[in-house]
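Just so you know, the sequence shown maps onto residues 1 to 548 in UniProt numbering. We put the CB at the ideal spot given by N, CA and C, even for glycine.
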Amino acid sequence: QQIPYDMELSSSPPGLEAAYETLFTTDSLLFLHDLISTFDDEINEILWLRVSKKAHLELSGDLPSFLESTAHIRRDSDWRVLPIPPRLQRRHVDIGDLAPCDTQRFIKALQSPAQGIQVDFDDGNCPTYYNQIKGIHNVFKAVHNQIPNVPHISQAPVLMLRPRAWNMVEHNLMVNGKEAPGPLFDFGLLMFHCGKTLLENKSGPFFYLSKVESFIEATLWNKIFVWTQHKLGLPLGSIKATVLIENVLAAFEMEEILYELRAHSAGLNCGIWDYSASFVNKFGHRQAFLLPDRKKYVNMEKRFLRSYMDLLVQTCHRRGALATGGMAALLLPQDPLSDSHRRVLATVTRLKLLEIKAGVDGFMVYDLNLIEPMQKLFKLHTEGDNQLHQLRNDVTVTTKDLLSMPSGGVTLYGLKYNITVGVLFINAWLSGKGHFFYRGQIEDSATAEISRSQVWQWIRHQTHLEDDGRVVNRRLVTDLTTEVMMELSIHCHSQRLHTATDMFLEVVLKRDFPEFITTYLNLDHTFLSSQSTGQVKAVDTDMNQSKL
C-alpha cells in the first residue's frame, strides 16, 4: 500500500499478515491520515483542559457544581435527542468487557441470546499492536459475515464498539511526527471498514465513548462523527454513541453531554469503579474525600452512587435517551445445583434489581450464563422494550448528594484485596491480557483503577486499619505486597509477577497521583519492551485462565 509521506506505520505483528493487509489499504490509511490530522490538535486541547481544570480545583479548593454558563440548556425542557434506532430500543442485557482479540469468546458472544455486545478496546482489553489488529479484524469479519456458524450481522447481538479513551496513544502509527491518538486509530479503522455495512444492515455503527470528562469532550466527539459521516458518504446521525459517565466532573454535565451529541446520542451509562476512582483522581489530597474500603463500604446503595445513578436515569429519560447500568462482574459457579451457584445468582439478582427499579433500560454481564436469568428479571419487573417512560420525577439530586462520601474505615482484608487486584492487573497487561479472574469475578482496568487509587490515598492520609490500628504507610504496603506476591507465585509466572509487583509499588508510592493506570502502563518501558521482544502473545486462550 502507499502511505502518505508524513505517516509511519509499524509492520505487521507476526501471524497477522493477512489481517494487516485487509485493514491497512491505501484508502484506509489516507482516511486515517486525514482523520488524525484534522482532530489531533483538538484532542491535545481537551487533554490540556483536563490538566487546567484539575489544577484549578487543586489551587482554589473549589468543588464541581452544575455550570451556570449552560443553565439555559438544562432549563429548556423542549429539546430531545434524535429517536433511538430500532436495534437499540430493547437492549436489556449486553455482554461486557469483551476484548474482540479473544476470538473464541467473541464467537460465543455472537452466538448468545444477548441483545448486545460491548466490543471493548478499552477497559477489558490490553492494547498491544497484536490485540488491536486482531480485534479490529475480528469485528471486520463479523460485520462482513466471514465467521462461520454465527448469525448474520443483522440478527446477531448488536455490536457496541468501544474505542480506547482520549488518554491512550497508538505507538505503532505516527502522523505528522506524533504518535496517533488511540481512539482515532480504533474508531477510524472500524468506521472505514464497517460503518457502511453496519448502517445498511440497520445494525450500527454504534459506539461506547469512554472516560469523557466534560461536554466540551462530547462536542469534539460530535465533530468527529459529523466529519466521518461526510467523508464516508453516510447520512448525518447514522452514528449513535453511548457516553460512559465514569468521572465525577462529567456527572455535573450530563444534560450538556446529551445536548452536544443529540444527533448521535444513544444515551449514557453508569458504572461504579471508574467513577469512584475519579474522586481520588480529582480530590485525593483532601481529607474530606477519603474513600473507605470499597469491599466493605462502597456499593451502588451509597448516597453518592445512588444519586449519580438516579440523576443519570432522570436526565436520559427526560431527553429521550437510554440509560444503562454497569456490569455484573460475578461469575456463576459451574454446578447449577450448588449452594455457591444459588448465592452468586441471588447476589447478582439483588444488585441488578436495584438498577431496574431505578429505571435503567439495560446493563451488562460478563458471564454468558447470566444473560438469560437477567433477561427474565427484566421481563418480570418491566413492561415493553425499555423504561423510557420512567421519567423519575421523584428525583431531586443536589451537588451535596453527588459529593457525599460514605463513612467507613479501612480493613486489612480490603487493603490486601486492592493490592492483589492491582498487582494481578499489571501482571495481566504484561502477558497481553486486559482482564483476569480473581475470587469468582472478573477484574479489569476499572477495578485496577479503584484498587491502586485507594492504596495511594490511604498511604497519603496515613489511614489506620480498623483491625489493629496499624498505619497504612509505605512499609506496611510494601510488606503486604511482598506477602501477596508470595501467595500468588504458585499461580503466576514468577519473573513477570515480580516485575508487576515492583510496578504496582511504583504507582502507589508516587508523590503525585498518576492520572490513569492504563496510561502509566502504556508508556512504561517494561510493557513496551515486552511487546517488542514478543513476550506478549495472543489472547485466544482467555477462557482457560486460572480462576485464582
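Local Cβ density within 10 Å of residue i, reported as buried at 16 or more and exposed below that
i: lysine 240; result: buried
i: proline 64; result: buried
i: asparagine 418; result: buried
i: proline 183; result: buried
i: tryptophan 79; result: exposed
i: glutamate 58; result: exposed
i: valine 175; result: buried
i: tyrosine 5; result: exposed
i: aspartate 387; result: Per the sequence shown, residue 387 should be read as glutamine rather than aspartate. When all chains shown are included, glutamine 387 counts as buried.
i: glutamine 155; result: exposed
i: asparagine 125; result: buried
i: serine 276; result: buried
i: tryptophan 458; result: buried
i: alanine 321; result: buried
i: proline 163; result: buried
i: residue 580; result: Residue coverage of the chain in this structure runs from 1 to 548, which leaves residue 580 outside it and unanswerable.
i: leucine 391; result: exposed
i: alanine 428; result: buried
i: lysine 376; result: exposed
i: lysine 433; result: buried
i: glycine 326; result: buried
i: glycine 469; result: exposed
i: lysine 510; result: exposed
i: arginine 75; result: exposed
i: isoleucine 490; result: exposed
Spatial neighbours of residue i in its chain, beta-carbon cut-off 6 Å, leaving aside the 5 residues before and after
i: phenylalanine 31; result: Phe192
i: glutamate 170; result: Ala180, Gly182 and Phe185
i: phenylalanine 445; result: According to the sequence shown, residue 445 is serine rather than phenylalanine. The answer, listed in chain order, is Asp123 and Thr518.
i: serine 77; result: none
i: valine 395; result: Asp310 and Gln314
i: asparagine 172; result: Ser10 and Tyr129
i: lysine 141; result: Ile147
i: asparagine 201; result: Ile153 and Ser154
i: methionine 7; result: His33 and Val175
Spatial distance of residue i from residue j (CA atoms)
i: phenylalanine 516; j: valine 348; result: 28 Å
i: serine 340; j: proline 333; result: 7 Å
i: leucine 331; j: methionine 405; result: 29 Å
i: serine 265; j: leucine 88; result: 11 Å
i: arginine 439; j: arginine 343; result: 14 Å
i: arginine 460; j: phenylalanine 504; result: 16 Å
i: threonine 399; j: leucine 67; result: 11 Å
i: glutamine 462; j: valine 280; result: 15 Å
i: glycine 61; j: tyrosine 413; result: 33 Å
i: valine 150; j: proline 85; result: 23 Å
i: serine 278; j: leucine 268; result: 17 Å
i: glutamine 229; j: phenylalanine 187; result: 12 Å
i: threonine 22; j: histidine 137; result: 8 Å
i: proline 373; j: phenylalanine 39; result: 43 Å
i: isoleucine 442; j: alanine 329; result: 5 Å
i: aspartate 512; j: leucine 368; result: 40 Å
i: threonine 420; j: threonine 481; result: 8 Å
i: tyrosine 259; j: isoleucine 73; result: 8 Å
i: lysine 416; j: arginine 475; result: 14 Å
i: histidine 464; j: asparagine 473; result: 9 Å
Cβ shell of residue i (< 7 Å), same chain only, five flanking positions each side left out
i: isoleucine 3; result: Leu9 and Leu29
i: isoleucine 46; result: Trp166, Ile216, Glu217 and Leu220
i: threonine 26; result: Gln1 and Gln2
i: aspartate 94; result: Ala114, Gln115, Gly116, Ile117, Gln118, Met160, Gly362 and Met364
i: tyrosine 20; result: Ser12 and Ile133
i: leucine 82; result: Gly237, Arg262 and Ala263
i: glutamate 466; result: Gly409, Val410 and Thr411
i: aspartate 540; result: Any reading at aspartate 540 must be qualified, since the residue scores a pLDDT of 40, below 50, and its modelled position is unreliable; the value itself is stated next. Counting only Cβ-Cβ distances below 7 Å, and skipping sequence neighbours, we find Asp102, Thr103 and Gln104.
i: glycine 195; result: Pro205, Leu232 and Leu234
Residues of its chain near residue i, where Cβ-Cβ distance is below 8 Å and the 5 sequence neighbours each way are ignored
i: serine 407; result: Pro292 and Tyr297
i: tyrosine 520; result: Val507 and Pro514
i: leucine 430; result: Arg496, Thr499, Ala500, Thr526, Phe527, Ser530, Gln535 and Val536
Residue i Cβ short of 6 Å to the ligand FAD heavy atom set
i: leucine 268; result: Judged by which ligands are present, the structure shown has none, so any question about the ligand FAD falls away.
- Task: Would you check if there are 3 or more beta carbon pairs closer than 8 Å linking the segment 96 to 104 to the segment 500 to 515?
- Result: no
- Task: Note down, one range per segment and in chain order, each beta strand (DSSP E) of at least 3 residues found wholly within the segment 74 to 139.
- Result: 93 to 98 and 116 to 120
- Query: On the three-pair Cβ rule with 8 Å, is the segment 485 to 495 touching the segment 446 to 456?
  - Reply: no
- Message: In chain order, what are the residue ranges of uninterrupted alpha helix (DSSP H) at least 4 long that sit wholly in the segment 207 to 279?
- Response: 215 to 232, 248 to 251 and 254 to 260
- Item | Cβ contact (3+ pairs, closer than 8 Å) linking the segment 347 to 361 and the segment 381 to 388 | yes
- Kindly provide the ranges of any beta strand (DSSP E) runs that are 3 or more residues long and lie completely inside the segment 336 to 394, ordered along the chain. 362 to 365
- Could you tell me whether the segment 147 to 164 touches the segment 102 to 112, where touching means 3 or more Cβ pairs closer than 8 Å? yes
- Message: With three or more C-beta pairs closer than 8 Å as the rule, is the segment 304 to 316 touching the segment 254 to 272?
- Response: yes
- Query: Counting pairs of beta carbons, one from the segment 207 to 214 and one from the segment 245 to 257, are three or more of them closer than 8 Å?
  - Reply: yes
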